[in-house]
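All remarks here apply to the structure that follows.
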Amino acid sequence: MRKPVIAANWKLNKTIAEAQAFIQDFKPLVENISNVEIIVCPVFTALAAASESAKNSNIAIGAQDIFWKDNGAYTGEVSAPLLKDAGAQYVIIGHSERRGRFGVPEADLEGDAGKVFGDTDASVNAKIKAALAHDLIPIICVGETLDEREADRTDSVIEAQVKAALDGVEGVEKTIFAYEPVWAIGTGKTCDSAEAGRVCGFIRSVIGNVTNQEISDAVRIQYGGSVKAENAAELLSHPDIDGALVGGASLKAETFAPIVEAAFR
Ligand code: PEP
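Just so you know, the numbering used here puts 80 at position 74 of the sequence shown, and the rest follows in order with no gaps.
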């Protein structure tokens with residue numbers, strides 16, 4: 007039995023005080039939920055305060071990105087030891103917003119500026135290795151764009167992302183994957199639960215092919231993309247969907263708590 011895992015991706019939202027207030031409001035709503043891993047991922051600047059607020063609770067803290075070197079001349083980056091120092095136990099890696107939405111520039115930015123985040127399969131792989139080397143659990147995001155889905159390339163895109171992410175990685179059983187179809191993120195469009203489950207099952211089979219079945223059976227795979235209280239139970243009822251990565255609906259304690267409850271089996 008894989009333990010369900012529900013993570014909040016707050017993206018570029020919440021000050022330190024707002025993060026602390028969320029955790030104070032959220033704690034009593036989930037305190038009786040014992041068999042679900044609950045993770046909240048604030049911005050870097052709120053990590054330490056959020057982890058202090060979540061002390062002695064069933065809420066764990068994750069970061070939204072990581073750099074693969076531990077220290078040195080890398081202005082602006084944050085490494086695994088520093089994330090751990092701030093109280094993080096998990097880290098989201100390769101979110102489509104960090105992969106530069108797969109190279110599609112943001113509408114309000116000129117030229118190449120939209121590609122600044124620039125995660126690639128290679129940097130995602132390096133980040134996963136750095137996280138695991140420091141006992142941070144990576145939440146590895148993969149997913150296809152709308153163009154790729156419409157061109158019937160969903161499975162080949164996902165397969166390539168999963169294989170590249172895991173290249174040379176030791177400790178795959180500790181990782182969490184998040185299947186996040188790019189067209190479903192922040193759009194209100196949820197992937198049909200049967201299709202979301204099918205792709206999560208496909209991810210598990212690719213993991214099995216590059217490792218072995220014992221490992222692929224152990225890896226938790228989340229679905230992410232416009233998850234909310236109304237669709238969480240149906241998505242989570244699929245045997246290959248072990249949890250959810252939640253953006254918009256995780257910003258308020260009262261909209262995030264019912265999603266956690268839906269995972270409580
Ligand atoms: C996300 O940010 O990973 C996400 C899935 O966002 P949303 O739930 O808002 O679609």
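Note that beta-carbon positions come from the ideal geometry of N, C-alpha and C, so glycine has one too.
Can you tell me which of the options puts its alpha carbon nearest to the alpha carbon of residue i?
i	options	result
E260	L242, A235, D91 and L251	A235
A224	Y80, I29, K169 and I209	I209
K180	E83, S222 and E201	S222
H101	P144, I247, T160 and G177	P144
L172	S199, G214, L152 and A202	G214
N15	V130, C147 and E240	C147
A92	L241, D246, D158 and L142	L142
Measure how close the beta-carbons of residue i and residue j come, nearest whole angstrom, since I'm counting them as under 8 Å.
i	j	result
G253	I191	7 Å
E186	G230	4 Å
A55	A25	6 Å
Q228	F183	7 Å
N62	V36	With 8 Å as the limit, N62 and V36 do not qualify as a contact, their Cβ atoms being about 13 Å apart.
D158	C206	About 19 Å; that fails the 8 Å criterion.
So, helix, strand or coil for residue i, using DSSP?
i	result
V225	coil
S272	Because the chain is modelled from 7 through 271, residue 272 falls outside the range shown and cannot be assessed.
P10	coil
I44	strand
G106	helix
If I measure Cβ to Cβ from residue i and keep anything under 6 Å in the same chain, skipping five residues before and after, which residues do I get?
i	result
W74	A132, K133 and A136
F50	V84
T217	V178
I45	A13, A66, G68 and Y96
Among residues of its own chain, excluding the 5 on either side of residue i, which ones have a beta-carbon nearer than 7 Å to its beta-carbon?
i	result
N77	S85
H140	A86, P87 and K90
M7	none
A200	none
D280	This structure cannot speak to residue 280, because the chain is shown only from 7 to 271.
In chain order, what residues of the same chain lie with their CB nearer than 8 Å to the CB of residue i, ignoring the 5 residues before and after it?
i	result
V212	I164, E165, V168 and K169
I265	I12, V233, K234, A235, A238, A250, V252, A255 and S256
N41	K9, P10, F270 and R271
V175	N131, I134, K135, L138 and T181
### Message
So, does the segment 57-74 touch the segment 97-108, judging by three or more C-beta pairs under 8 Å?
### Response
yes
### Task
Indicate whether the contact test is met: 3 or more Cβ pairs, each with one atom in the segment 18-26 and one in the segment 47-65, closer than 8 Å.
yes
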